[in-house]
Amino acid sequence: MTPAAVAERFEREYGCTTTEWLRWLPGAVRDCALTDLRADTGAQVQLPQGQLALSWSVLSPRKIALITLPRLQVLFVFTGTTAEERQLFLRYFDLYMQRGGG
């Protein structure tokens, strides 16, 4: 991924509940302060340079045969950051948020 590939604003879908997301979030932001945490709607992350506003909403579950998977839509909005800073932050964030696989 090149630094220019990390936009200032984008959305992602995560296969988790709000409870799981809130449990993982402090570790995913590493040493950055989480502020203005609103459990059902969003949070602010104070980055070394700039901020990240996160907002989320619960989507209807995805059903595959007999399996039902929770879904969470998350909006990322970076302010006061460079593409390189966003890439560095997301590299760790994405690795931390990885679940399952195989």
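Residue numbering for the sequence shown follows my numbering, beginning at 19 and increasing consecutively.
For every residue, glycine included, the Cβ atom is placed at its ideal position computed from N, Cα and C.
All values reported here derive from a predicted model rather than from experimental measurement.
- Per DSSP, reduced to three states, the secondary structure at Gln69 is strand.
- Burial of Phe94 is indicated by the presence of at least 16 other C-beta atoms within 10 angstroms of its C-beta.
- Between the beta-carbon of Val76 and that of Arg30 there is about 14 Å, and that puts the pair past the 8 Å contact cut.
- Counting along the chain, Arg109 sits inside the alpha helix (DSSP H) bounded by residues 101-115.
- Judged by DSSP secondary structure, Glu38 falls within the alpha helix (DSSP H) whose first and last residues are 36-46.
- Rounded to the nearest whole angstrom, the C-alpha separation of Arg56 and Leu43 is 12 Å.
- The C-beta separation of Arg80 from Leu87 comes to about 5 Å, placing the pair in contact by the 8 Å criterion.
- The segment 32-51 makes no contact with the segment 94-106, as fewer than three CB pairs between them are under 8 Å.
- Under the three-state reduction of DSSP, Ala83 is assigned to coil, being neither helix nor strand.
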